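Asker: After the structure tokens below, expect a handful of questions from me.
In the UniProt record's numbering, the protein residues as written are 1 to 242.
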């Protein structure tokens with residue numbers, strides 16, 4: 001069984017080093033590339049206000065978070081949910097940086113001791129679409145994922161959109177696997193075989209001018225290699241005319 005968790009966060013700002021904190025965690029579970037509905041969505045009281053720029057992005061106010069639990073109160077639940085899963089994150093260093101900072105503040109081990117591999121869909125998208133915009137919104141537009149409900153950023157909504165984006169980005173992997181299946185199993189229609197043995201293809205021989213140019217090229221190659229080319233050994237056959 002392949003278990004993957006598509007993960008996104010919202011924060012009070014851009015820098016955990018400067019004291020910004022995690023305020024929302026959204027996780028969407030995929031098992032064998034299928035949505036299971038076993039998602040995890042939590043808000044946290046960060047004990048500080050969001051930067052005005054961050055607030056404009058996510059709209060999560062300090063007043064809304066006032067009665068929410070602190071991150072350290074939910075660590076065990078988060079740890080158990082993520083245990084052994086492969087994480088899928090867009091711009092993974094940002095989210096992992098904040099998660100590991102919260103774990104460090106709570107005197108807990110880093111996330112790498114809990115999860116398996118981490119897939120960064122931003123890196124994947126840059127490799128697939130070099131030179132193009134590869135934000136989550138841009139990828140949704142490019143891959144036909146409906147993001148009309150995304151007026152503000154939200155961790156769970158963004159994780160759900162990213163799950164669709166990831167499945168679309170990696171859909172070619174399914175095609176490769178299907179190609180290995182028998183035609184009957186894949187529901188393909190068998191194509192009739194065609195006997196090509198009776199078809200005679202015309203042979204176009206080189207004319208005198210083309211042979212002369214060819215001989216000149218061989219001469220130059222022979223000269224540049226110090227007489228070590230093997231082409232001369234095939235020359236008699238190559239210059240036979242019909």
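Glycine included, C-beta positions come from ideal geometry on N, C-alpha and C. Every value quoted in this text rests on a predicted model; they were computed, and no experiment measured them.
Can you give the Cα-Cα distance for residue 208 and residue 214, rounded to whole angstroms?
Answerer: Their Cα atoms are separated by approximately 10 angstroms.
Asker: How about the segment 32-49 and the segment 69-83: do they share at least three Cβ pairs that are nearer than 8 angstroms?
Answerer: A contact exists between the segment 32-49 and the segment 69-83.
Asker: For residue 24, which beta-bridge partners are listed by DSSP?
Answerer: 10 and 43.
Asker: Distance check for residue 28 and residue 156, CA to CA, integer angstroms please.
Answerer: Rounded to whole angstroms, residue 156 to residue 28 spans 7 angstroms at the Cα level.
Asker: Could you tell me whether the Cβ atoms of residue 60 and residue 6 are closer together than 8 angstroms?
Answerer: Cβ distance not < 8 angstroms, so residue 60 and residue 6 don't count as in contact.
Asker: Does the count of Cβ pairs from the segment 8-19 and the segment 83-102 closer than 8 angstroms reach three?
Answerer: Cβ pair count under 8 angstroms is three or more, so yes.
Asker: Using three-state DSSP, classify residue 118 as helix, strand or coil.
Answerer: Of the three classes helix, strand and coil, the one that applies to residue 118 here is strand, per DSSP.
Asker: Checking the sheet assignment: what are the DSSP bridge partners for residue 87?
Answerer: The partner list for residue 87 (beta bridge, DSSP) reads 5 and 118.
Asker: Nearest-angstrom Cα distance between residue 91 and residue 122?
Answerer: Roughly 5 angstroms between the two C-alpha positions.
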